[in-house]
Amino acid sequence: MMVGQLAPALAADKVTFLTSWFAQAEHGGFYQAKATGLYDKAGLDVTIKMGGPQVNGTQLLLAGETDFMMGYDIQVLKGREQNLPLVTVASSFQFDLQGLMTHDDVTDIAALKGKPILIASTSHATFWPWLRTKYGFTDDQVRPYTFNLQPFFADKNVAQQAYPSSEPYQAQQQNEKVKFFLLADGGYPPYGSTIVTTEKMIAEKPDVVARFVKASLEGWRDYIKNPAPGNALIKADNPKMTDGQIDFAIEKLKENKAIDGGDAATLGIGIITVDRYKKIYDFLVEGGLLDPKTDWQKGLDARFVKDLKVGVQ
């Protein structure tokens, strides 16, 4: 190389991340990392693709159409049951944000025994068996949830599945008084909005995985402090998303300490642990939702978050 010549800049690694739904505050850390240059600094050229009702993330991940996806522990463990090479490498939230929304006269989840509960068909393979076991609910309480709140508003006896940032916000807009009960408060074990990749990606590009995880978690750390950059990208991807909805969601994420509570308070944002994953496996096996022979330990690789301590003072 001639004296005075600059070394060529290394090309950034191209990475695609598929979210679980249309852009929203619950995806804020990833949009923040893109908006503020955290991915660029990590040598990554990241494309964020939105999920949605017709998008099968697992299929796209296994087909190599995306490098990472926003996943869910039950989906990963069900994949491992079929020997699909899915691996969880970090988690945005320390618990699943799933809960139940009730009218404001309900004291707790246990009080819903015998009352109608609206749940989506997919919930029969996730939290409904847990509710049945934990609170003695029965299948004849179930009514279909079609993501329309009118049946709930029309009947003061009805409860329904909800996320803290979504359905309660819609209820507030209609001046309906409601309560929200987080299932995790009762011990529901899954993480929320995990980062999932494949065994192949980890084997062939561990350095890319490490950089993507670290930059994404730094994005979450920054998003809860100053979400404006991430929000601009969220609204660009999903123009239907309002400032009111985003503000409400961020408030709920902070209130519930979804990002920096639980193990994250001491071990860092994004932390996943083998002990916790074993609890999720046990819950699925006990509920008859997973073959006990499933090699659950292959469903996570905690080394990418183990020592990061993102957000820990």
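Oh and the sequence shown: position 71 is 67 in the working numbering, straight run, nothing missing.
Just so it is clear, CB atoms sit at the ideal spot from N, CA and C, and this is done for glycine as well.
Computed from a predicted model, the values in this text were never measured in an experiment.
Candidates the options: which alpha carbon is nearest residue i's?
i    : options                   : result
Y141 : K130, G215, L96 and G110  : L96
D92  : M46, A180 and H99         : A180
Q50  : A59, F18, L80 and Q241    : F18
A121 : D259, K74 and N79         : K74
K196 : V270, K294, V306 and L108 : K294
T134 : F148, K37, G25 and A106   : A106
A199 : F177, V85 and W124        : V85
T310 : A31, N52 and G132         : Since the first and last residues shown for the chain are -3 and 309, residue 310 lies out of range.
I169 : Y184, F149, P186 and L178 : Checking the sequence shown, residue 169 turns out to be Gln, not Ile. Of the listed residues, the one whose Cα sits closest to Q169 is F149.
R272 : L304, V204, D101 and D297 : D297
If you reduce the DSSP assignment to three classes, tell me which class residue i lands in.
i     : result
P125  : helix
M(-3) : Bear in mind that a pLDDT of 48 at M(-3), under 50, signals an unreliable position, so the model cannot answer this.
L296  : strand
Q157  : strand
A192  : It is Val, not Ala, that sits at residue 192 in the sequence shown. Strand.
V72   : helix
F91   : coil
E61   : coil
K305  : coil
Q20   : coil
G226  : helix
G132  : coil
V270  : helix
K231  : helix
V281  : helix
G110  : coil
D181  : helix
The alpha helix (DSSP H) with residue i in it runs from where to where?
i    : result
S34  : Reading the sequence as shown, one finds Leu at residue 34 and not Ser. From DSSP, the alpha helix (DSSP H) with L34 extends over L34 to K37.
Q78  : Unbroken run through Q78: none, as it is neither H nor E.
K173 : It is not in any alpha helix (DSSP H) - K173 carries neither H nor E in the DSSP assignment.
G240 : D239 to E251
G24  : G24 to A31
P147 : Q146 to A150
W216 : P202 to Y219
P49  : Taken as a continuous stretch (DSSP letters only), P49 belongs to no alpha helix (DSSP H), as it is neither H nor E.
T262 : A260 to L263
Quick one: give me the first and last residue of the beta strand (DSSP E) that residue i is part of.
i    : result
I113 : I113 to I115
T98  : G95 to H99
F64  : F64 to G67
Which one or two residues does DSSP pair with residue i in a beta bridge?
i    : result
D41  : K10
P316 : The shown model of the chain, from -3 to 309, leaves out residue 316, and the question about it has no answer.
A86  : I191
For the pair the stretch 59 to 70 and the stretch 179 to 195, tell me if three or more CB-CB distances fall below 8 angstroms. Judged by Cβ distances under 8 angstroms, the stretch 59 to 70 makes contact with the stretch 179 to 195, as three or more pairs qualify.
Would you be able to state if there are at least three C-beta pairs under 8 angstroms between the stretch 101 to 114 and the stretch 217 to 226? Note that the stretch 217 to 226 does not touch the stretch 101 to 114; fewer than 3 beta-carbon pairs, one per stretch, sit closer than 8 angstroms.
I'd like to know if the stretch 244 to 256 and the stretch 274 to 294 are in contact, where contact means that at least 3 CB-CB pairs between them fall below 8 angstroms. Flag = no, the stretch 244 to 256 and the stretch 274 to 294 do not touch.
Assess, as a yes-or-no matter, whether the stretch 257 to 268 is touched by the stretch 167 to 175 under the definition of 3 or more beta carbon pairs within less than 8 angstroms. Pairwise C-beta distances place the stretch 167 to 175 out of contact with the stretch 257 to 268, as fewer than three of them are shorter than 8 angstroms.
Any 3 or more C-beta pairs closer than 8 angstroms across the stretch 10 to 28 and the stretch 227 to 246: Contact holds: three or more Cβ-Cβ distances are below 8 angstroms.
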